[in-house]
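Colleague:
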């Protein structure tokens, strides 16, 4: 039995940014980065059901260059970041990041399912490498990274 709809039922979404909906299937687009508390309240047969979940909505920022051995602490490791805040990563929101780095021939050089922000290209020559980055179960991001030494 679905407590959120059907005859005698009512539901309400609060998207955490001032927008709401009473539609059974709601679509919403956020315009700014942030951690939004999305709430669903449903009423059916005299019972009220309520649930809330914090949803991180951030633009994924992946560098196109790292410079290990340059300025310490600046671009020395491959860092997947959320939004434009320095040191804001998906991991800060409990979202694991999977990273695969490979060369132009498709040979995997580095792979980590729960990335610890530790790939610096150690032992590799300067050049262009390719990556697959996946935050939790969202669509993967595929591109290239230049390693400058």
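In our numbering, the protein residues as written are 51 to 199.
From the three backbone atoms N, C-alpha and C, an ideal C-beta is built for every residue, glycine too.
According to DSSP, simplified to helix, strand and coil, what is residue 143?
Modeller: As a first step, residue 143 is located in the chain shown; it is residue number 93 there, counting from the start. The answer is helix: DSSP assigns residue 143 an H, G or I state.
Colleague: How long is the line joining the alpha carbons of residue 127 and residue 111, rounded to whole angstroms?
Modeller: Mapped onto the chain shown, residue 127 falls at position 77. Mapped onto the chain shown, residue 111 falls at position 61. Taking the straight line from one Cα to the other gives about 14 Å.
Colleague: Indicate whether residue 103 and residue 91 have their beta-carbon atoms separated by less than 8 Å.
Modeller: The sequence position of residue 103 within the chain shown is 53, counting from 1. The sequence position of residue 91 within the chain shown is 41, counting from 1. Not a contact, by the Cβ cut-off of 8 Å.
Colleague: Give the straight-line distance between the Cα atoms of residue 137 and residue 65, rounded to the nearest whole angstrom.
Modeller: Locating residue 137 in the chain shown gives position 87, where the first residue counts as 1. Locating residue 65 in the chain shown gives position 15, where the first residue counts as 1. Taking the straight line joining both Cα atoms gives about 26 Å.
Colleague: Quick check on this structure: which residue in 62, 187 and 156 has the alpha carbon closest to the alpha carbon of residue 140?
Modeller: Here residue 140 refers to the residue found at position 90 of the chain shown. Here the closest residue by C-alpha is 187.
Colleague: Taking the alpha-carbon positions, what's the residue 74 to residue 98 distance?
Modeller: As a working mapping, residue 74 is identified with position 24 in the chain shown. As a working mapping, residue 98 is identified with position 48 in the chain shown. Distance between the alpha carbons of residue 74 and residue 98 is about 16 Å.
Colleague: Based on Cα-Cα distance, which residue from 146, 115, 124 and 172 lies nearest to residue 194?
Modeller: Along the chain shown, read from residue 1 onward, the residue named residue 194 stands at position 144. Measuring from the Cα of residue 194, the nearest candidate turns out to be 115.
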